[in-house]
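A short worksheet on the structure shown next.
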Amino acid sequence: MAEKGSSVELGELYRELRMGRGLKLRDVARDNLSISQLSRFENGQTMLAADKLLLAISGIHMTFSEFGHALNNYKETKFFKLGKKLVELQSAHDIEGLKRIRDTYGNYEIFDTYNRLNQLIVQVAIHTLDNSYSISDVDKEFLTAYLYSIEEWTEYELYLFGNTMIVLSDNDLIFLGKALIERNKLYISIPSNKKNAQVALLNLILILIERKDLDHATYFINHLEKLLTYQDMFGIVFVNFFKLLVAYLQGELSDRNQLEDYINMVEKLGNSTAASFLRVNLNQFLED
């Protein structure tokens, strides 16, 4: 097999995908992308320039991210595999499992900054389950310096912010929350990016309510609500709950039963996991 990422492998993969769609070279060729260029690319003789490669991929009606997924043998990257594992361990309250990941994490990234940030995500996951496990000020400063420095946030920054924001100061949390809104505008139309932005904003709202900063929580609730469509039921469920909760905490809603009724409705709709999460957080907020 050709070396990963080589022109031969890219070309071979592209040819397989094109032929799998019943397309001939002439069906894909267009201005600035000739049949001969495509043929040489598929045969591993030349590499397409980036703009022409994007044209070729769109010509077989795939997105660049889908092509990249196919190039990675239809497997998730190590980073996103790590993210799923962290969620599983956090849900199971498996602190020892998280510590094993911390201790065995390899230098998966070429750029050391990313390795350090990924390690920090694991450490914050441990901190969420064990408050006695502290995150150093040096690491917090490293995290905030990175997030402040990135002018355009992509899925990585959304994931990083969403999973470490609990250790940020109030000022950094609010500033970076507003930065998320501004710095992610160019990518929000990408479905996976929009989903990650919604999750980050939901986490942000949850933390602001926990910290009793209801004005800023309302600000971000209103912004998130503008991003949601009828297809975003997960986000809609949580936004409506947060609106009720803020109203209750501000004294605008006197009957706790309305919150309980809403959670019961979510459960009746078949989402027992979301209902359980809402019930746990409701009890925690009211106890506090």
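Using this note's numbering, the first residue of the sequence shown is number 170, and each one after it goes up by one. Ideal placement from N, C-alpha and C gives every residue a C-beta, glycine not left out.
Of all alpha-carbon atoms in G189, S227, Y356 and L186, the one lying nearest the alpha-carbon of L202 is that of S227. Collapsing the DSSP output to three states places L370 in a helix. Inside the segment 410–441, DSSP marks whole alpha helix (DSSP H) runs of 4 or more residues at positions 426–437, from first to last along the chain.
Under the three-state reduction of DSSP output, R380 falls in the coil class, being neither helix nor strand. By the beta-carbon neighbour count (other beta carbons within 10 angstroms, threshold 16), N353 is buried. At a Cβ-Cβ threshold of 8 Å, A386 and I374 count as neighbours.
Here R195 is exposed: its Cβ has fewer than 16 other Cβ atoms, across all protein chains shown, within 10 Å.
Only residues of its own chain outside the window of five on either side were considered, and among them T313 have a CB closer than 6 Å to the CB of D341, listed in chain order. Looking at the DSSP output, R199 sits in a beta bridge with L202. Assignment of H230 by DSSP, reduced to helix, strand and coil, places it in the coil class.
A direct Cα-to-Cα measurement between Y431 and M402 gives close to 14 Å.
Judged by DSSP secondary structure, G252 falls within the alpha helix (DSSP H) whose first and last residues are K247 to S260. Bounds of any alpha helix (DSSP H) do not take in L355, whose DSSP letter is neither H nor E. DSSP places E310 inside the alpha helix (DSSP H), whose first and last residues are D306 to S318.
Y274 sits in coil when the DSSP states are folded into three classes, being neither helix nor strand.
If the five residues before and after F236 are omitted, its C-beta is found closer than 7 Å to the C-beta atoms of I226, all from its own chain and listed in chain order. The Cβ atoms of Q206 and K193 do not sit closer than 8 Å to each other. A Cβ-Cβ distance of about 6 Å is found for the pair E321 and L355, placing them in contact under the 8 Å criterion.
In the three-state reduction of the DSSP assignment, G331 falls in the helix class.
For the options L383, F410, V368 and I376, the alpha carbon positioned closest to that of L396 is the one of V368.
When the alpha-carbon of Y283 is set against those of L316, K244, E421 and G404, the nearest one is in L316.
It is roughly 51 Å from the alpha-carbon of N450 to the alpha-carbon of R184.
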